[in-house]
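Mind the numbering: the sequence shown is residues 1 to 154 in the working numbering, read in order. Virtual Cβ for every residue (Gly too), placed ideally from N, Cα, C. Quick caveat, the model's predicted, so the values are computed rather than measured. This report concerns only the one structure given below.
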Amino acid sequence: MSVYDTDLTVGVAMLLADHGHGTWDPEGVYQPGETGIVLDLVPQTPDDVITLSAYGVDDDVTEGRSVVGVQIRNRATAGDNPRPARELAAAIFTTLHGRTQITLATGLRVHQINRASWTSGGQDSNRRWSMIQNFYADIYIPAKQLYPPGGMTP
């Protein structure tokens, strides 16, 4: 993981909160009835939660372009109806998919973000439905110089 991964997940968390999909609190403290937005670990509470996790997809050292995956797992209150989880996933998709040339609140420039896959997460042991989506974000990460000026010496 790098600072870029953190800037990406925190920036996406803030973007989702700005669009009304949940509440982003870096300390992870949420009031009853709020949809919490958290990083990495899926907490037991709140019932309604959006969890963001970054993972590597592809790095191009010659261009400094990286594709970083962001897995977004959203969970909705317990019950027999999976629709609330699906509707939240659809709203997240509408907010993120196809965005280009954006600068997140963390300052990270994202050239484009697109959904790569999605699936139902089913119900957990507390009967809370979830959806899982994977988004790919193209970002620029300056590559370190691999060889000294003038090339390699034996």
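Residues of its chain near residue i, where Cβ-Cβ distance is below 6 angstroms and the 5 sequence neighbours each way are ignored
i      : result
LEU88  : ASN74
VAL67  : VAL57, ASP58, TYR136 and ASP138
LEU104 : GLY11
MET14  : TRP24 and ALA105
Classification of residue i by the beta-carbon crowding that lies within 10 angstroms, buried from 16 upward
i      : result
PRO32  : exposed
ASP7   : buried
TYR147 : Because the pLDDT at TYR147 is just 49, under 50, the model does not fix this residue reliably, and the value given afterwards should be weighed accordingly. That one is exposed.
ALA85  : buried
VAL3   : exposed
GLY20  : exposed
ARG128 : buried
ASP18  : exposed
GLN145 : Annotation note: pLDDT 49 at GLN145 (below 50); position unreliable, no value reported.
Residue range of the unbroken beta strand (DSSP E) whose run includes residue i
i      : result
TYR136 : 129 to 140
THR103 : 99 to 103
LEU39  : 36 to 39
ALA78  : Segment: none, ALA78 is in no beta strand (DSSP E) and carries neither H nor E.
THR119 : 109 to 123
Span separating the alpha-carbon of residue i from that of residue j
i      : j      : result
ASP25  : VAL12  : 13 angstroms
PHE93  : GLY28  : 23 angstroms
ILE37  : THR77  : 15 angstroms
ALA54  : ASP80  : 30 angstroms
VAL42  : ARG109 : 27 angstroms
GLY121 : SER130 : 5 angstroms
ALA90  : THR62  : 36 angstroms
THR35  : LEU16  : 11 angstroms
ILE50  : ASP5   : 17 angstroms
ILE141 : ASP60  : 9 angstroms
PRO82  : ARG65  : 38 angstroms
Close beta carbons around residue i, own chain, < 7 angstroms, minus the five adjacent residues each side
i      : result
ASN114 : HIS97, GLY98, PHE135 and TYR136
GLN101 : HIS111
THR45  : none
THR119 : ILE132
Extent of the continuous alpha helix (DSSP H) to which residue i belongs
i     : result
VAL61 : First-last for VAL61: undefined, no H or E at that position.
GLY11 : 3 to 18
Residues near residue i in its chain [Cβ-Cβ closer than 8 angstroms; skip 5 each side]
i      : result
SER117 : GLN133 and ASN134
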